[in-house]
Amino acid sequence: MYSPLELPDDVLDYHGKNFYDLVREKCGEIIKDFMEILYIDSIKTLLGVEDDIFSLLKENCNALKHIKEQACLCLDDGKIVVKPGLRLDFDRFVEALRVKRAYGITSQFNSIDVLRRWLWIFEQSRLSNIRILVFSTDCDAKLTRSMSGTFSSNVNFTVDQFLRRAGKLCVLQDIERQHEYDESGCSLEFPKHHKRRYKKDASPNNHSQDVGDNLTHDTIQNAIFRAFDDAYKMLSALDIDKTLKKSHKSTLNEISTFVRVQIERKSHTTDYSENWDEYSDEEFDSEQVNTSDDCY
126 MYSPLELPDD VLDYHGKNFY DLVREKCGEI IKDFMEILYI DSIKTLLGVE DDIFSLLKEN
186 CNALKHIKEQ ACLCLDDGKI VVKPGLRLDF DRFVEALRVK RAYGITSQFN SIDVLRRWLW
246 IFEQSRLSNI RILVFSTDCD AKLTRSMSGT FSSNVNFTVD QFLRRAGKLC VLQDIERQHE
306 YDESGCSLEF PKHHKRRYKK DASPNNHSQD VGDNLTHDTI QNAIFRAFDD AYKMLSALDI
366 DKTLKKSHKS TLNEISTFVR VQIERKSHTT DYSENWDEYS DEEFDSEQVN TSDDCY
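Going from the sequence shown to my numbering is simple: count from 1 and add 125.
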């Protein structure tokens, strides 16, 4: 595997004389003349050509006659072969340009550039026997926080932290309710998430603080047990409970252990639950402040 070429930072903007001088420097005079005949006068044009330009040398063309004589070897059976060293220099040059376009310093990308970038990465990975799974999403800070917060698939907060946060939210909601129904002596303005515009007004007598007071370890545990029992009864109607018993996954503890092992195996995460006491509740709140709006 040859080492990549070093190219200027603004090479993607090269055209005209600068382009031809660069081609002459990296690939030689023959390739430079070839580019001129093909009217390839810029880096963008060169990268936009998807077909193999050397295939044109197999055609009978007077304009390419002297290029064919210098760049190709004529076999006894009439076939022509591009000189390996010449093709190697050109392929190395084009590959360096593609890498520069994919990772270089430029912001002038469109959809086809992004697609070509991923196709190139996929092809190089395939040649190296690397299997990749590609997905894309908007780069949103709130999405990034949600991956490691309350709504993440891998829960990384304790029950105590959840209860403390629920209590704080209940207090804030109670203050907001009092302000909306003019039950408070102070004037406070609470920003509302767009998802709450169509939410029905709560009853004036519906104190959220009562909900927070009733939320304990026992109520959470009982709710989880009831949900598990309901789900198990639904699966039993389909005789799935027999399969669960055979595989020793018929109780909540067995299911929890199995799920935990699978998540740790697939996500390659480390359990830091024993160190959660080192983090303050205020730090936990600051990380979740922007994602909590989505739950209203």
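Where is the CB? At the ideal position from N, CA and C, for every residue including glycine.
- Distance from the CA of Gly292 to the CA of Ile365, rounded to the nearest whole angstrom, comes to 39 Å.
- DSSP places Ile349 in the uninterrupted alpha helix (DSSP H) bounded by 342-361.
- Cys152 sits in a helix when the DSSP states are folded into three classes.
- For Ile365, the enclosing alpha helix (DSSP H) begins and ends at 365-371.
- Per DSSP, the beta-bridge partners of Val206 are Leu198.
- For His140, DSSP records a beta bridge to Ser167.
- Note that the stretch 211-219 does not touch the stretch 242-254; fewer than 3 beta-carbon pairs, one per stretch, sit closer than 8 Å.
- Note that the C-beta distance between Leu213 and Cys197 is not below 7 Å.
- Between Tyr145 and Ile168, the C-beta spacing is not below 7 Å.
- One thing to note: Leu171 has its Cβ no nearer than 7 Å to the Cβ of Ile162.
- When C-alpha distances from Ala221 are compared across Arg242, Ile237, Val206, Asp202, the shortest belongs to Arg242.
- Going by beta carbons, Arg226 and Leu137 fall inside the 7 Å limit.
- Residue nearest to Val284 within the set Ile349, Lys190, Thr376 is Ile349 (criterion: CA-CA distance).
- For Lys157, same chain residues with a beta-carbon under 7 Å away, outside a window of 5 residues either side, are Tyr145, Val148, Arg149 in chain order.
- Per DSSP, reduced to three states, the secondary structure at Ser253 is coil, with no helix or strand assignment.
- Ranked by how close their Cα comes to the Cα of Ser375, the residues Ile388, Arg289, Lys358 have Lys358 in first place.
- Annotation for Arg256: Ser250 place their beta carbon closer than 8 Å to its own, counting only its chain and skipping 5 residues before and after.
- If you draw a straight line from the Cα of Asp343 to the Cα of Arg289, it is about 15 Å long.
- The shortest CA-to-CA distance from Ile178 to any of Val207, Leu200, Asp202, Gly203 is the one to Val207.
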